[in-house]
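Scroll down for the structure; my scribbles are underneath it.
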Amino acid sequence: MKNIFFCFAFVMSAMCSLAQEDTLATSIKIKLPTITLNKKSVVNEIEIPMISKENIVTTPTIDIKADYWDTTVYNPYRNTITEYPLEITFNDSTYASPVAHKKVITSRYGWRRGRPHKGIDIDLVTGDSVVSILSGIVRFARYSRGHGKTVVVRHYNGLETTYAHLSHIGVKANDTLATGQYLGKGGNTGNSRGSHLHLVASYKGEYIHPDYLFNFDSSNSIRGKELWVTRKWTRPSSHSSKKLTKLSLYNTKESALASLEKIHKVYVVKRGDTLSRISRRNNTSIYSICLTNKIKKTSTLKIGQKLVLEL
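Numbering of the sequence shown is given in my numbering, commencing with residue 72 and proceeding in unit increments.
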């Protein structure tokens, strides 16, 4: 026991003396007192690596609660003006699946039954555990009109994810969550037609197509360390909730700005054409076709009629 105390005191003394020097060694070697085992003398030597102050990397503290932190309002950014394109950065290359089982997407972000669907629906059974896909702080954890029992988590890159239609909320506002940490149980509360998780991604109040940021297959991958989001990926009218829109990922601001220059194409209506058929074949929305050509969804198309398509 005395030998152990002596060793500890010696090590601490040596380290304190080195700390007082201007230049630190890369390591120090300390010989421990000779110990006799089975009539044999054993001399042990240990080497302790030393780290200089210059080599210590400090991580800046990000205060994600500094702006628009309201635990009673679902969207505190309603009166703000957002400049496009939006820059979203990620430190991780993967996220945690919000459900433990295979993710079955029943409805995507886009236009659905004449209304905007601003999230992605993942099938589950009432009572299934739901976890946070990234680390962050709970900003909102209460009942919300339409969404039912809802949890909103603000992440350290400014992105917020919403978990709606829960049957039970297992966290409270201002709780800190790690990636994959439990936040509640899935359900069918609010305006819902069956048990599922309604997952929403937003940045400063702007809804973002979740598929643009996350790959919802078994890889659980994030689509890029740096992603620039244009208005197209925040407008449900530009997408169909029945299928995934062809992705055009922008990893630089320059590529995002270049994409804003719309390509105009003149389409000549053929026999059997409908607005739905034209929109599918040209990867555009019926809403966009009607808006550009100042026609209604119920308008009758004529063979030979020319339509301007914005692609």
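From the three backbone atoms N, C-alpha and C, an ideal C-beta is built for every residue, glycine too. Owing to the predicted nature of the structure, the values given are computational and were not obtained by experimental measurement.
Counting along the chain, the unbroken alpha helix (DSSP H) around Ala327 starts and ends at 324 to 330. As the crow flies, the alpha-carbon of Ser319 is around 10 angstroms from that of Ser326.
Contact check for Ser178 and Asp163: beta-carbon distance about 26 angstroms, past the 8 angstroms limit, so the pair fails to qualify. Taking all protein chains shown into account, Asp282 has 16 or more neighbouring C-beta atoms within 10 Å of its C-beta and is therefore buried. Within the stretch 290 to 359, the complete alpha helix (DSSP H) segments at least 4 residues long are 324 to 330, 346 to 352, listed from N- to C-terminus. For Pro147, the three-state secondary structure derived from DSSP is coil.
Pairing Val223 with Glu231 gives a Cβ-Cβ distance under 8 angstroms.
Thr369 counts as exposed, since fewer than 16 other beta carbons sit within 10 angstroms of its beta carbon.
The DSSP-derived three-state label of Thr363 is helix. With respect to the C-alpha of Asp246, the residue from Ser359, Gly207, Leu284, Ser289 having the closest C-alpha is Gly207. A straight-line Cα-Cα distance of about 14 angstroms links Tyr274 and Asn150. Within the same chain, and ignoring the five residues on either side of Thr316 in sequence, the residues whose Cβ sits closer than 6 angstroms to its Cβ are His310. Exclusion of the five residues before and after Thr260 leaves Gly219, Lys220, His236 as the residues of its chain whose Cβ lies within less than 6 angstroms of its Cβ. Annotation for Ala244: Thr142, Val209, Ala212 place their beta carbon closer than 6 angstroms to its own, counting only its chain and skipping 5 residues before and after. Judged by beta-carbon spacing, Glu297 lies beyond the 8 angstroms limit of Thr197, meaning their Cβ atoms are not closer than that value.
DSSP places Asp194 in the strand class (E or B) of the three-state scheme.
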